[in-house]
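**Student:**
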Amino acid sequence: MLDCYKYGVYLEMKKTKDSISDDYEKPLFRRGWYIGFLSLVLVSVFALSILNAAKLQIELDRSTQGYLTDVTSQLSRDIRDAINNKITNLVMTADSFSQFTEKQDTDTMSGFLNRAAQILEFKPLIFFDREGFSVSSQTDDGEPPVSPEDFLKLPSVRASFQGSIQASYIGGKSIFYSVPVYRDNGVDGVLVGVRSKENMQSLISSKSFSGQMLSCIVDSQGQVIISPTDLKPFLQLGDIFKQEKNEKIITDIQKMQRDMTENRSGVLKFTATTKEELLLSYNALNINDWFLLTIIPADIISTGTNQYILQSFIIIGATILIFSLFLFAVFRFYNAHKRQLELIAYRDPLTGGLNNAAFQARYRELSKNMTPCTYSIVLLNVRGFKMVNEQFGIRIGNQILSYIYKVLKQHLREEQDEFAARGESDHFFLCLKEYSPGAIQYRLNDMIHDINNFHDTELPDLSLSFKQGACLADDPYQEITLLQDHARIALQSCGTDLCHSCCFYDESLIRTLKIEQELNALFEDSIENRYFQIYLQPKIGLRSGRLEGAEALVRWNHPQKGIIYPSDFIPLFENNGKICRLDLYVFTEVCAAIDRWRQEGLPLIPVSVNLSRQHFRNPNFLDTFAGIASSFKIPDKILEFELTESIFFDNQQIKTVRETIQEMHRMGFLCSLDDFGSGFSSLGLLKEFDVDTLKLDRSFFLNMSGQKAKDVISCLIDLSRHLKVKTVAEGIESTEQVDFLRSMGCDMIQGYVFSAPIPLNEFEKRYLQDQP
Numbered sequence: 001m002l003d004c005y006k007y008g009v010y011l012e013m014k015k016t017k018d019s020i021s022d023d024y025e026k027p028l029f030r031r032g033w034y035i036g037f038l039s040l041v042l043v044s045v046f047a048l049s050i051l052n053a054a055k056l057q058i059e060l061d062r063s064t065q066g067y068l069t070d071v072t073s074q075l076s077r078d079i080r081d082a083i084n085n086k087i088t089n090l091v092m093t094a095d096s097f098s099q100f101t102e103k104q105d106t107d108t109m110s111g112f113l114n115r116a117a118q119i120l121e122f123k124p125l126i127f128f129d130r131e132g133f134s135v136s137s138q139t140d141d142g143e144p145p146v147s148p149e150d151f152l153k154l155p156s157v158r159a160s161f162q163g164s165i166q167a168s169y170i171g172g173k174s175i176f177y178s179v180p181v182y183r184d185n186g187v188d189g190v191l192v193g194v195r196s197k198e199n200m201q202s203l204i205s206s207k208s209f210s211g212q213m214l215s216c217i218v219d220s221q222g223q224v225i226i227s228p229t230d231l232k233p234f235l236q237l238g239d240i241f242k243q244e245k246n247e248k249i250i251t252d253i254q255k256m257q258r259d260m261t262e263n264r265s266g267v268l269k270f271t272a273t274t275k276e277e278l279l280l281s282y283n284a285l286n287i288n289d290w291f292l293l294t295i296i297p298a299d300i301i302s303t304g305t306n307q308y309i310l311q312s313f314i315i316i317g318a319t320i321l322i323f324s325l326f327l328f329a330v331f332r333f334y335n336a337h338k339r340q341l342e343l344i345a346y347r348d349p350l351t352g353g354l355n356n357a358a359f360q361a362r363y364r365e366l367s368k369n370m371t372p373c374t375y376s377i378v379l380l381n382v383r384g385f386k387m388v389n390e391q392f393g394i395r396i397g398n399q400i401l402s403y404i405y406k407v408l409k410q411h412l413r414e415e416q417d418e419f420a421a422r423g424e425s426d427h428f429f430l431c432l433k434e435y436s437p438g439a440i441q442y443r444l445n446d447m448i449h450d451i452n453n454f455h456d457t458e459l460p461d462l463s464l465s466f467k468q469g470a471c472l473a474d475d476p477y478q479e480i481t482l483l484q485d486h487a488r489i490a491l492q493s494c495g496t497d498l499c500h501s502c503c504f505y506d507e508s509l510i511r512t513l514k515i516e517q518e519l520n521a522l523f524e525d526s527i528e529n530r531y532f533q534i535y536l537q538p539k540i541g542l543r544s545g546r547l548e549g550a551e552a553l554v555r556w557n558h559p560q561k562g563i564i565y566p567s568d569f570i571p572l573f574e575n576n577g578k579i580c581r582l583d584l585y586v587f588t589e590v591c592a593a594i595d596r597w598r599q600e601g602l603p604l605i606p607v608s609v610n611l612s613r614q615h616f617r618n619p620n621f622l623d624t625f626a627g628i629a630s631s632f633k634i635p636d637k638i639l640e641f642e643l644t645e646s647i648f649f650d651n652q653q654i655k656t657v658r659e660t661i662q663e664m665h666r667m668g669f670l671c672s673l674d675d676f677g678s679g680f681s682s683l684g685l686l687k688e689f690d691v692d693t694l695k696l697d698r699s700f701f702l703n704m705s706g707q708k709a710k711d712v713i714s715c716l717i718d719l720s721r722h723l724k725v726k727t728v729a730e731g732i733e734s735t736e737q738v739d740f741l742r743s744m745g746c747d748m749i750q751g752y753v754f755s756a757p758i759p760l761n762e763f764e765k766r767y768l769q770d771q772p
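Numbering-wise (the UniProt record's numbering), the sequence shown opens with residue 1 and increments by one.
1) Shortest alpha-carbon distance to glutamate 551 belongs to which of Leu464, Lys539, Ser544?
2) Out of curiosity, what's the CA-to-CA distance linking glutamine 311 and valine 41?
3) Using CA coordinates, which residue listed in Ala167, Ser137, Tyr308 is at the minimum distance from leucine 285?
4) What residue range does the alpha helix (DSSP H) around glycine 438 cover?
5) DSSP on asparagine 89, reduced to helix/strand/coil?
6) Helix, strand or coil: how does DSSP classify threonine 457 here?
7) Taking C-alpha atoms, which residue in Ser630, Asn398, Val378 lies nearest to phenylalanine 385?
8) Below 8 Å on the Cβ atoms is my guess for leucine 278 versus alanine 298; work out the distance and round it to an integer in Å.
9) Can you tell me the Cα-Cα spacing of histidine 486 and valine 590, whole angstroms?
10) Kindly give me the distance between the Cβ atoms of arginine 555 and glutamine 533, rounded to whole angstroms, as I take these residues to be in contact under 8 Å.
11) Between the region 632 to 646 and the region 657 to 676, do at least 3 Cβ pairs fall closer than 8 Å?
12) Cα separation between serine 324 and isoleucine 58?
13) Methionine 256 lies in the alpha helix (DSSP H); which residues open and close that run?
14) For the pair the region 145 to 159 and the region 120 to 132, tell me if three or more CB-CB distances fall below 8 Å.
15) Should cysteine 715 go down as buried or exposed, given a rule of 16 or more other Cβ atoms within 10 Å for buried?
16) Could you tell me the distance, in whole angstroms, from the CA atom of leucine 459 to the CA atom of isoleucine 489?
17) Excluding sequence positions up to five away, which residues of its chain have a Cβ less than 7 Å from the Cβ of asparagine 89?
18) What do you reckon, are the CB atoms on threonine 64 and asparagine 283 nearer than 8 Å?
19) Thinking just about the alpha-carbon of each residue, which of Phe625, Lys726, Asn246 is nearest to the one in phenylalanine 676?
20) Between the C-alpha atoms of aspartate 568 and asparagine 557, what's the straight-line distance to the nearest angstrom?
21) Tell me whether phenylalanine 29 sits in a helix, a strand or coil according to DSSP, three-state version.
22) Who are lysine 695's beta bridge partners in DSSP?
23) Quick one: is the Cβ of arginine 721 within less than 7 Å of any heavy atom of the ligand MN?
24) Shortest alpha-carbon distance to glutamine 769 belongs to which of Thr735, Val691, Leu604, Gln662?
25) Let's see if you can read the secondary structure: which residues bound the alpha helix (DSSP H) around lysine 409?
26) Hey, quick one: how far does the alpha helix (DSSP H) through glycine 189 stretch, first residue to last?
27) For the alpha helix (DSSP H) that contains glutamine 750, what are its first and last residues?
28) Using 8 Å as the threshold, is the C-beta distance between leucine 611 and phenylalanine 641 below it?
29) Check whether chain D comes within 8 Å of methionine 370, counting only Cβ atoms and requiring the distance to be less than that.
30) On the CB-based measure, 16 or more other CB atoms within 10 Å of its CB, does glutamine 484 come out buried or exposed?
31) Just verifying my parser: in three-state terms, what is the DSSP assignment at isoleucine 287?
32) Run through DSSP, which three-state label would glutamate 415 get?
33) For the beta strand (DSSP E) containing asparagine 381, list its first residue and its last residue.
34) Answer with buried or exposed for methionine 1, where buried requires no fewer than 16 other C-beta atoms within 10 angstroms of its C-beta.
35) Checking 8 Å against the spacing of the C-beta atoms, do serine 215 and leucine 280 come in under that value?
36) Could you spell out where the beta strand (DSSP E) holding aspartate 107 opens and where it closes?
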């Protein structure tokens with residue numbers, strides 16, 4: 001039989017696999033479009049790299065020109081300052097020389113000029129008067145560069161006889177300065193200082209640009225005034241400019257000519273006869289019509305950078321080539337394994353059917369032509385499936401999940417585009433062409449019934465229960481992930497309801513979630529500010545008619561939200577674990593109250609506090625409670641923990657609770673079993689647990705008209721009395737119920753017939769302070 005089942009599952013999986021392949025025959029990527037796109041990306045990257053390199057080169061050229069302008073501007077200022085400084089020194093020397101009289105001998109004058117020439121680095125210094133008399137300092141070769149007669153013919157010297165200070169040059173070999181010498185309030189002569197070619201070349205030399213910069217001084221007509229050590233590049237400028245055919249360079253040359261005519265500075269880029277790109281800077285010295293010309297290689301800064309750019313192009317090209325080869329290999333691999341990839345992407349490996357990704361893709365295709373309000377998304381979750389895995393093992397558990405998927409798929413109307421998929425773990429999504437909640441519930445009941453039949457299988461005969469959530473697809477354009485989330489919210493809203501009913505999503509669920517989020521956000525602040533208030537409900541002894549105990553309850557009185565009922569926040573905090581913090585808060589407040597009663601001399605009564613099942617996740621949780629009670633010096637058998645039967649799950653849990661109750665007694669606490677009879681209470685629990693009190697649930701007393709109900713209550717009270725366990729009847733609201741329970745020998749009553757839960761201060765005033 002098992003072989004038949006496996007073969008049936010195999011056929012179903014094969015059919016599902018084929019349907020997946022048919023539904024998703026198209027590749028994950030359209031090859032041509034993808035290759036074209038990647039090619040465009042690669043070309044774009046290469047083009048952008050070239051563009052970036054071109055922009056970098058332009059920026060480097062701009063930077064080079066800017067740096068050249070800065071250097072030559074500084075050099076021209078230095079030259080101008082040096083020339084002006086020499087002129088100033090010469091003027092001061094002329095003023096000193098004017099103290100000599102015509103009657104003093106020539107040797108004295110010559111000696112003065114020799115000393116001044118050495119100090120001021122003139123070669124030589126020469127004095128002329130109007131009558132042709134001249135006296136000169138000594139030169140290295142004994143002769144001045146020009147005869148005195150020729151000096152007197154120079155326009156600049158003649159201008160100095162008119163009172164003008166002049167700077168000029170002699171045949172490109174030397175530069176000289178001439179200043180008037182005043183005697184008797186008139187110009188009596190001219191003092192001329194000559195600077196040698198070597199001195200002037202040192203003036204225009206610069207160590208900038210790694211020594212590759214050449215400079216010379218020319219006038220606006222291009223006549224060389226001070227030449228560099230290598231004049232050849234400047235002598236070739238005329239021929240180069242005449243032969244230039246590049247329109248832009250011709251325009252730049254014409255601009256340079258206008259600039260020099262108008263005494264403006266600038267930079268020109270041109271190509272030498274050696275095909276080398278050069279930069280020519282021209283800077284006005286503002287002395288006569290002289291300009292400083294400077295030539296440097298255009299790539300002097302970018303030489304190293306160009307190497308890096310070239311290397312970058314090589315690296316980028318190699319990277320693109322390698323990446324292209326890699327893409328080619330990937331596409332070959334992809335084409336070879338395309339079908340396998342599609343199955344991996346869209347097949348659930350456990351059931352062989354659709355996975356969640358395939359489910360979402362199928363729905364998106366379906367929704368393109370979907371009529372509104374025709375489909376619904378359903379989520380099924382197997383309750384307690386973890387216990388199935390633990391009991392029968394993972395292998396059998398997986399077979400059961402595959403079987404569930406098979407049965408679900410058999411109930412689908414594939415001709416109406418219905419489909420199913422396993423989501424995660426033991427969750428199953430269904431897309432049904434149903435919109436009526438009644439019709440959906442009917443079909444789900446039918447599916448669950450067939451699942452639990454386990455026909456033609458050798459699987460364990462189980463009775464599986466399912467949590468069910470559904471979302472009606474009102475809008476075809478609504479995203480499937482949102483619909484699945486809504487179905488999940490609806491499923492979670494079912495809580496612990498064990499009946500086979502489907503919960504449907506509506507806006508009220510969202511409002512509930514929003515309220516729960518708000519309550520969660522207010523929790524910590526309310527604990528710190530004590531917005532949780534302790535209420536006590538008295539337990540009245542039926543024999544004494546007096547107060548014999550109380551149960552501590554909590555109420556939430558928030559300053560903005562007002563009174564928040566326990567039914568709104570206790571289940572919420574049970575689910576998220578905050579109930580443990582709240583229990584500790586209530587316990588601490590009760591301990592503080594009992595400590596205050598003792599100090600004020602008020603009677604001490606046993607007070608019971610509720611203990612959530614969540615505490616049992618921590619095996620040492622009682623130590624915290626014992627520490628709090630000890631800090632307040634609470635006597636033994638005053639504090640009582642109330643346990644509900646929902647704590648008990650299985651034999652292991654029962655053992656844990658039994659040991660915990662023993663530990664409670666050892667620490668001096670009492671223990672009661674609360675809500676006995678509200679669920680699936682077993683009389684065996686009374687045998688297992690050494691509890692001090694049994695609290696009978698109010699459901700026992702709702703209908704006491706029949707004798708059978710009274711007999712059950714009587715038996716429970718008699719059994720408790722024989723076990724030496726006190727009984728407390730909860731929810732008592734009438735005197736008839738009180739009289740009956742008194743006749744049955746019930747120990748205490750807790751209910752509205754005596755008092756509703758009241759605030760702590762009111763309880764103290766009514767039951768403790770006013771007691772006789």
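Even glycine gets a Cβ: it sits at the ideal position worked out from N, Cα and C.
Here the structure is a predicted model, which means the values were calculated and not measured.
**Tutor:** By the coordinates alone:
1) Position 551 of the sequence shown, counted from the first residue, corresponds to residue 551. Nearest of Leu464, Lys539, Ser544 to glutamate 551, Cα basis: Lys539.
2) To locate residue 311, count along the sequence shown from 1; it is residue 311. To locate residue 41, count along the sequence shown from 1; it is residue 41. Using only the alpha carbons, I get a separation of about 21 Å.
3) Along the sequence shown, one-based indexing puts residue 285 at 285. Ranking the options by Cα distance to leucine 285, first place goes to Ala167.
4) Translated into positions along the sequence shown, residue 438 becomes position 438. 437 to 451 is the extent of the alpha helix (DSSP H) around glycine 438.
5) Mapped onto the sequence shown, residue 89 falls at position 89. Reduced to three states, the DSSP call for asparagine 89 is helix.
6) Within the sequence shown, residue 457 is the residue found at index 457, counting from 1. Here threonine 457 sits in coil by DSSP.
7) Within the sequence shown, numbered from 1, the residue matching residue 385 stands at position 385. It is Asn398.
8) Start at 1 with the first residue of the sequence shown, and residue 278 comes out as number 278. Start at 1 with the first residue of the sequence shown, and residue 298 comes out as number 298. Yes, leucine 278 and alanine 298 are in contact; Cβ-Cβ is about 6 Å, under 8 Å.
9) Residue numbering aside, residue 486 sits at position 486 when the sequence shown is read from its first letter. Residue numbering aside, residue 590 sits at position 590 when the sequence shown is read from its first letter. In a straight line, the C-alpha of histidine 486 is about 42 Å away from that of valine 590.
10) Within the sequence shown, residue 555 is the residue found at index 555, counting from 1. Within the sequence shown, residue 533 is the residue found at index 533, counting from 1. The Cβ separation is near 5 Å, so the contact holds.
11) yes
12) Residue mapping note: residue 324 aligns to position 324 of the sequence shown, counting from 1. Residue mapping note: residue 58 aligns to position 58 of the sequence shown, counting from 1. Spanning the two alpha carbons is a distance of roughly 31 Å.
13) One-based indexing of the sequence shown puts residue 256 at position 256. Taken as a continuous stretch (DSSP letters only), the alpha helix (DSSP H) holding methionine 256 covers 247 to 261.
14) yes
15) On the sequence shown, residue 715 is found 715 positions in, with the first residue counted as 1. Cysteine 715 should be labelled exposed.
16) As a position in the sequence shown, residue 459 is number 459, starting the count at 1. As a position in the sequence shown, residue 489 is number 489, starting the count at 1. Their backbone Cα atoms lie some 32 Å apart in a straight line.
17) The residue you call residue 89 lines up with position 89 of the sequence shown. So the qualifying residues of the chain are Leu120.
18) Residue mapping note: residue 64 aligns to position 64 of the sequence shown, counting from 1. Residue mapping note: residue 283 aligns to position 283 of the sequence shown, counting from 1. Contact: no.
19) Taking the sequence shown and counting its residues from 1, one reaches residue 676 at position 676. Ranking the options by Cα distance to phenylalanine 676, first place goes to Lys726.
20) The sequence position of residue 568 within the sequence shown is 568, counting from 1. The sequence position of residue 557 within the sequence shown is 557, counting from 1. Rounded to whole angstroms, aspartate 568 to asparagine 557 spans 13 Å at the Cα level.
21) Translated into positions along the sequence shown, residue 29 becomes position 29. Confidence at phenylalanine 29 is low in this model, with a pLDDT of 45, below 50, so its placement is unreliable and no value can be given for it.
22) Within the sequence shown, numbered from 1, the residue matching residue 695 stands at position 695. DSSP, once it has assigned bridges, lists Val728 as partnering lysine 695.
23) Absence of the ligand MN from the depicted structure is noted, as is the absence of any ligand whatsoever, leaving it without description.
24) Residue 769 sits at position 769 when you count from the first residue of the sequence shown. Looking at the Cα atoms, Leu604 is the closest of the given residues.
25) The sequence position of residue 409 within the sequence shown is 409, counting from 1. Its alpha helix (DSSP H) spans residues 394 to 410.
26) If you number the sequence shown from 1, residue 189 lands on position 189. Here glycine 189 belongs to no alpha helix (DSSP H); instead the beta strand (DSSP E) covers 186 to 195.
27) The residue given as residue 750 occupies position 750 in the sequence shown. Here glutamine 750 belongs to no alpha helix (DSSP H); instead the beta strand (DSSP E) covers 748 to 750.
28) Residue mapping note: residue 611 aligns to position 611 of the sequence shown, counting from 1. Residue mapping note: residue 641 aligns to position 641 of the sequence shown, counting from 1. For leucine 611 and phenylalanine 641, yes; Cβs fall inside 8 Å.
29) Annotation note: the requested chain D is absent from the structure, which comprises a single protein chain.
30) Here the question's residue 484 lines up with position 484 in the sequence shown. Classification for glutamine 484: buried.
31) Position 287 of the sequence shown holds residue 287. Coil at isoleucine 287, not helix or strand.
32) Translated into positions along the sequence shown, residue 415 becomes position 415. Helix, per DSSP.
33) In the sequence shown, residue 381 corresponds to position 381, counting from 1. That run of the beta strand (DSSP E) goes 375 to 382.
34) Position 1 of the sequence shown holds residue 1. Only weak support is given to the placement of methionine 1: the predicted model assigns it a pLDDT of 35, under 50, and the value that follows is read from those uncertain coordinates. Exposed, since its Cβ has fewer than 16 Cβ neighbours within 10 Å.
35) As a working mapping, residue 215 is identified with position 215 in the sequence shown. As a working mapping, residue 280 is identified with position 280 in the sequence shown. Against a cut-off of 8 Å, the Cβ pair of leucine 280 and serine 215 comes out as no contact.
36) Sequence index remark: in the sequence shown, residue 107 carries index 107 (1-based). Unbroken run through aspartate 107 is the alpha helix (DSSP H), 106 to 120; no beta strand (DSSP E).
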